[in-house]
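Using UniProt numbering, the first residue of the sequence shown is number 1, and each one after it goes up by one. All C-beta atoms in this analysis are idealised placements derived from N, C-alpha and C, irrespective of residue type, glycine included.
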Amino acid sequence: MFQPPPASGLPGPPPPPPPPVPIASTHPPFRTAGFHGYAVQFSPFLADRLAVASAAHFGIVGNGRLWVLRGAAPGTPAVPLRVEATFDTQDGLYDLAWSETHEHHVVTASGDGTIKLWDVSLPDPTPVQHWAAHAREVFGVAWRPCGDKRHFASVAWDGALRVWEPGRGEAVAHIQAAPAGVCVYAAAWHPVHAPLLATAAADGCARVWDLRAAANNGCLTDAELARRPPPQDPQAAACPPAGGVRLAHPGAAEVLSVDWNRYAEHVLFTGGVDRVLRVWDTRWPTQPLLELGGGMAPATSGGGGMGGGLGGGHQFAIRKVAASPYSSRHVATVGYDMACRVWDIGVAAGGAGASHADAADPGGRLVGINGDHSEFVFGVDWSLFSAGQLATAAWDETVRLLQV
Numbered sequence: 001m002f003q004p005p006p007a008s009g010l011p012g013p014p015p016p017p018p019p020p021v022p023i024a025s026t027h028p029p030f031r032t033a034g035f036h037g038y039a040v041q042f043s044p045f046l047a048d049r050l051a052v053a054s055a056a057h058f059g060i061v062g063n064g065r066l067w068v069l070r071g072a073a074p075g076t077p078a079v080p081l082r083v084e085a086t087f088d089t090q091d092g093l094y095d096l097a098w099s100e101t102h103e104h105h106v107v108t109a110s111g112d113g114t115i116k117l118w119d120v121s122l123p124d125p126t127p128v129q130h131w132a133a134h135a136r137e138v139f140g141v142a143w144r145p146c147g148d149k150r151h152f153a154s155v156a157w158d159g160a161l162r163v164w165e166p167g168r169g170e171a172v173a174h175i176q177a178a179p180a181g182v183c184v185y186a187a188a189w190h191p192v193h194a195p196l197l198a199t200a201a202a203d204g205c206a207r208v209w210d211l212r213a214a215a216n217n218g219c220l221t222d223a224e225l226a227r228r229p230p231p232q233d234p235q236a237a238a239c240p241p242a243g244g245v246r247l248a249h250p251g252a253a254e255v256l257s258v259d260w261n262r263y264a265e266h267v268l269f270t271g272g273v274d275r276v277l278r279v280w281d282t283r284w285p286t287q288p289l290l291e292l293g294g295g296m297a298p299a300t301s302g303g304g305g306m307g308g309g310l311g312g313g314h315q316f317a318i319r320k321v322a323a324s325p326y327s328s329r330h331v332a333t334v335g336y337d338m339a340c341r342v343w344d345i346g347v348a349a350g351g352a353g354a355s356h357a358d359a360a361d362p363g364g365r366l367v368g369i370n371g372d373h374s375e376f377v378f379g380v381d382w383s384l385f386s387a388g389q390l391a392t393a394a395w396d397e398t399v400r401l402l403q404v
């Protein structure tokens with residue numbers, strides 16, 4: 001049969017994206033015996049140190065424990081992580097954040113509505129400071145990385161977002177970030193603009209708040225809040241239209257996590273129960289720039305750290321998203337399918353007005369998977385000292401170090 005010659009000068013179809021590769025564990029897993037991991041974070045001061053927030057009995061009932069581990073330095077032999085210190089609490093711990101001003105200070109979020117500040121260099125098992133912070137379980141804490149680094153934020157099941165300063169008993173600011181009784185799962189400070197922070201909530205929305213706009217967005221100190229008359233419509237007053245940029249997931253699917261791109265000031269990432277990683281430009285909040293996962297077909301083969309059959313998007317809810325501190329294009333996600341995934345968001349990393357000079361490699365794909373955990377993975381964090389190093393914490397009572 002006659003075959004016409006190929007047309008010269010015309011580009012062919014783009015090559016298919018490379019398949020995701022296994023992400024290897026670099027150290028033996030550390031076992032948080034009797035406690036299920038909820039959060040993990042590398043120290044911003046010491047390369048080989050990380051902390052883990054955990055809870056007994058899957059966080060349903062029982063005690064919590066803060067673990068401080070050493071041995072995670074880049075380039076070290078693959079020897080087991082070792083315990084530097086542990087601190088026990090009377091209720092489960094759901095999140096933690098290292099201080100940005102004191103290398104030994106860690107704040108934890110507890111199921112009894114309290115926040116505790118620990119000095120992990122002291123043998124004293126009691127916290128340095130204790131706040132009865134929220135009316136319900138505290139699910140997230142985040143330390144401000146720029147501007148006034150004394151401040152950290154907390155979010156909880158009572159729908160409140162509060163900002164705190166060590167040494168002060170009252171919150172510095174209070175935002176009703178979701179309707180009362182709607183859980184706010186996570187908060188993330190903007191990496192460059194100190195007054196801005198984002199929240200992820202069970203009403204299907206992520207929101208961006210500006211602490212400078214106290215007059216019109218419900219951002220009040222506790223003292224101001226006490227003097228404020230009760231609203232006629234509590235539901236509407238809880239989330240005023242001026243309360244910040246609103247990014248809605250389709251079908252009001254719960255948003256479980258939020259993080260900022262470190263290199264593009266308007267770009268935000270969200271993940272939640274619909275299994276989709278979304279990339280947003282906060283200047284155009286009506287629809288995401290990019291959606292990854294969810295409907296992606298799973299791979300038919302697994303093994304070798306791939307989490308058998310998990311070669312596509314997440315099979316269940318995304319519990320945590322974490323933007324790389326080294327690359328504007330890479331984001332890690334973990335979730336209820338017991339896997340950690342790393343994504344290349346491609347040209348969307350530059351926001352809605354990004355140049356398409358990289359059109360030959362636009363990205364927007366899954367690049368790696370680790371499926372070594374055997375239970376839900378709740379925590380993931382990138383090292384600030386070693387490019388591509390990740391830590392994960394899961395309900396299988398293990399902490400793992402990975403290298404992308």
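For residue i and residue j, I'd like the C-alpha separation in whole angstroms.
i	j	result
V380	L50	11 angstroms
Q403	G312	20 angstroms
R329	A348	8 angstroms
V273	H249	10 angstroms
T333	A39	13 angstroms
H314	T392	16 angstroms
P125	T26	31 angstroms
D48	G251	42 angstroms
A322	V258	8 angstroms
L401	F35	18 angstroms
P44	V106	11 angstroms
A55	R82	19 angstroms
A357	D344	In this prediction, A357 has a pLDDT of 43, which is less than 50 and means its spatial position is unreliable; nothing more can be read from the coordinates.
V52	Y94	10 angstroms
A133	P179	18 angstroms
V342	F378	15 angstroms
Residue j and residue i - do their beta-carbons sit closer together than 9 angstroms?
i	j	result
I318	G335	yes
G59	G111	yes
residue 405	L277	In the structure as shown, the chain starts at 1 and stops at 404, and residue 405 therefore has no counterpart that could be examined.
M338	E375	yes
V255	C205	yes
V141	A160	no
A24	S386	no
V79	G71	yes
W98	K116	no
R65	F30	no
W284	F269	no
K320	G271	yes
Here's a check: name, in chain order, each residue in its chain whose Cβ is nearer than 7 angstroms to the Cβ of residue i, leaving out the five neighbours to either side.
i	result
R136	G113, A156, W157, D158
P20	G311, L366, V367, G368, I369
R150	T101, E165, P166
A33	E397
G294	D274, R275, V276, G313
Does the Cβ of residue i have 16 or more other Cβ atoms within 10 Å, making it buried, or fewer, making it exposed?
i	result
Q389	buried
V61	exposed
V120	buried
G169	exposed
W395	buried
T286	exposed
P127	buried
A360	Here the model assigns A360 a pLDDT of 49, short of 50, so the residue's position is not dependable and the matter cannot be decided.
On a CA-only basis, which of the options is nearest residue i? Give me that one, please.
i	options	result
S383	Q41, T26, A24, I23	Q41
W260	D48, V377, T199, L161	T199
A202	G350, A177, E375	A177
L122	H104, T32, Q129	H104
E84	D95, P77, W67	W67
H57	P77, A180, L69, Q90	Q90
P18	V172, G364, A213	G364
L211	R246, R162, V182	R162
Skipping 5 residues on each side, what residues in its chain have a beta carbon closer than 8 angstroms to that of residue i?
i	result
V192	C146, E265
Determine, using beta carbons only, whether residue i comes closer than 9 angstroms to chain C.
i	result
A393	No chain C appears in this structure, which consists of one protein chain only.
For residue i, which residues in the same chain have their Cβ closer than 6 angstroms to its Cβ, ignoring the five residues on either side in sequence?
i	result
S324	H330, W382
P28	P80
Y263	S328
H190	L196, W260
W186	Per the sequence shown, residue 186 should be read as Ala rather than Trp. Taken in chain order, the residues that qualify are G140, A200, S257, V258.
Y326	A387
R373	Correcting the residue identity first, residue 373 is His in this sequence and not Arg. Cβ within range, chain order: M338, A394, D396.
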